[in-house]
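All remarks here apply to the structure that follows.
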Amino acid sequence: MEKEFRRLKSVVSELLSADDWQTNLVKLEQHRSKQLIGPLFSMLLRMDEVRWRAITALGLTVDRMFAEKAEDARIVMRRLMWNLNEESGNIAWGAPESMGEIMALNPRLAEEYASILASYMDDSITCGNFLDHPPLRRGVYWGLGRLAQTRPEIVAKSAPAVLVGLEDCEDEQIPGLAAWIFASLGKTLPEGVNPVPALKTLQGSETTVDLYRNRTLEHTTVGALAKEALAALS
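According to the numbering used here, the sequence shown is numbered sequentially starting from 1.
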């Protein structure tokens, strides 16, 4: 079994490392969804763009798995949640991003797990799941931003916690990612949540943000993302 895992991991790595990796996503469907989970999880530890491609592939794979057997997909979500638990002993690179990608594709899982993903953002608003490691928390904001692209009405329920991210002082990229979320939320914002003053303060920021969206890793700034949000909210 270990030999088969290594072989499949090599195949998946080769497919996602290729220039035409998006075309190769279809080739992953030749493999059973449950077989792909282990290799894709291992690729979340990479620190290059292939990690993001693995997140995309994991979202597609778990969505396919849900259609085959919904409980297997839920097991994957719970595994991602366990990795984010301090008791797991893991550094859960890619876990919150993967949760967001999966939920962006699967409306049922979004209904079930979106509030859990949001609970990792802010301890004063949520229920004690706050991630005090800033790079991991950054992943939560990206995950919610990805979800907001397809299901803004679900993410809007967590808008008060997202608002806190605009003033996050521990990670310089989080304010930009929070602004990205508000750009997707637009007019779905609940009454009483007003990010405009904070966004206006941020629009002059030249702090760089590495943002993976539309399956492309782009380099932008906090200020540019704040301006996008202000335009969407105007």
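Don't be surprised by glycine CBs; every beta carbon is placed ideally from N, CA and C.
Residue i versus residue j: straight-line alpha-carbon distance, rounded
{"i": "P144", "j": "P195", "result": "A small correction: the amino acid at residue 144 is Leu; Pro does not occupy that position in the sequence shown. Roughly 16 Å between the two C-alpha positions."}
{"i": "E49", "j": "L217", "result": "7 Å"}
{"i": "S13", "j": "S234", "result": "43 Å"}
{"i": "L40", "j": "I55", "result": "8 Å"}
{"i": "A161", "j": "D122", "result": "6 Å"}
{"i": "M1", "j": "I75", "result": "21 Å"}
{"i": "G192", "j": "A198", "result": "14 Å"}
{"i": "H219", "j": "Y212", "result": "9 Å"}
{"i": "W52", "j": "H133", "result": "20 Å"}
{"i": "N214", "j": "L163", "result": "24 Å"}
{"i": "G204", "j": "G223", "result": "5 Å"}
{"i": "L109", "j": "I102", "result": "8 Å"}
8 Å CB neighbourhood of residue i in its chain, flanking five on each side removed
{"i": "S33", "result": "T61, V62, R64, M65, E68, D72"}
{"i": "L28", "result": "V12, L15, L36, A57, L60, T61"}
Distance between beta carbons of residue j and residue i, contact taken as under 8 Å
{"i": "A178", "j": "L166", "result": "5 Å"}
{"i": "G38", "j": "F5", "result": "6 Å"}
{"i": "G94", "j": "L117", "result": "About 13 Å; that fails the 8 Å criterion."}
{"i": "K236", "j": "S42", "result": "Here the chain has residues from 1 to 234 only, and residue 236 is not among them."}
{"i": "R137", "j": "Y120", "result": "7 Å"}
Top-ranked residue by Cα proximity to residue i, from the options
{"i": "L80", "options": "G139, H31, T23, G192", "result": "G139"}
{"i": "P135", "options": "E170, N129, L109, A104", "result": "E170"}
{"i": "R7", "options": "L25, H31, N24, L163", "result": "H31"}
{"i": "R154", "options": "I181, H133, D132", "result": "The question names Arg, but residue 154 in the sequence shown is Ile. When only C-alpha atoms are compared, the closest one is I181."}
{"i": "A232", "options": "K200, K187, V222", "result": "K187"}
{"i": "A159", "options": "L25, L105, S115, E97", "result": "S115"}
Beta-carbon proximity list for residue i, same chain, < 7 Å, skipping 5 on both sides
{"i": "S184", "result": "G145, A148, Q149, P152"}
If we require 4 or more residues per run, which alpha helix (DSSP H) segments fall completely within the stretch 69-104?
The stretch 69-104 contains, as complete alpha helix (DSSP H) runs of 4+ residues, the segments 70-83 (chain order).
Restricting to runs no shorter than 4 residues, where is the alpha helix (DSSP H) found entirely within the stretch 134-213?
Taking only runs of at least 4 residues, the alpha helix (DSSP H) segments lying wholly in the stretch 134-213 are 134-150, 152-155, 159-165, 174-185, 196-202.
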